[in-house]
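Visitor: Below you'll find the structure I mean.
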Amino acid sequence: LGNLLALNADMPTLFRTWRTQVGDIFSLYMGGTHVVVLNGYDLIKEALVTNGDACSDRPPIFFDVATGIPKKGVAFASGNYWKEQRSV
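So the sequence shown is numbered by the working numbering: it starts at 1 and just counts up by one.
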């Protein structure tokens, strides 16, 4: 379950508390998915703009794994395939 049992309905308050305790970057597990939480404009901009290539991929979703059908199209694609779709 990872950190799911620690989460509650007031996640913004919980995340603010964790930010105060551990800093602007922390991670948790939601089920089997590792989630990295970034706080603050400068840090988010650095991750998504400056280092966008390293942060732009999406994890596999259940549909992909269950059906074997890869992510396609603008809405579900990621990585280089996503870049190709966006440039068309």
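Backbone N, C-alpha and C fix where the C-beta goes; we use that ideal spot for every residue, glycine too.
For L7 versus I25, is the C-beta distance shorter than 8 Å?
Guide: Stepping through the sequence shown from its first residue, residue 7 is reached at position 7. Stepping through the sequence shown from its first residue, residue 25 is reached at position 25. Their beta carbons are not under 8 Å apart, which means L7 does not touch I25 by this criterion.
Visitor: Are G31 and D57 close, meaning C-beta to C-beta below 8 Å?
Guide: What you label residue 31 is simply residue 31 of the sequence shown in a count that begins at 1. What you label residue 57 is simply residue 57 of the sequence shown in a count that begins at 1. Not a contact, by the Cβ cut-off of 8 Å.
Visitor: By the three-class DSSP mapping on this structure, what secondary structure does L38 have?
Guide: Against the sequence shown, residue 38 aligns to sequence position 38. DSSP places L38 in strand when its eight states are reduced to three.
Visitor: Going along the chain, which residues of its own chain have a beta-carbon closer than 6 Å to the beta-carbon of G40, five neighbours each way excluded?
Guide: On the sequence shown, residue 40 is found 40 positions in, with the first residue counted as 1. Same-chain partners within the cutoff: D24.
Visitor: Do V35 and L43 have their CB atoms nearer than 8 Å?
Guide: Here the question's residue 35 lines up with position 35 in the sequence shown. Here the question's residue 43 lines up with position 43 in the sequence shown. No, these two residues do not count as a Cβ contact at 8 Å.
Visitor: Name the two residues that bound the continuous beta strand (DSSP E) containing L48.
Guide: Residue numbering aside, residue 48 sits at position 48 when the sequence shown is read from its first letter. Per DSSP, L48 belongs to no beta strand (DSSP E) and is neither H nor E.
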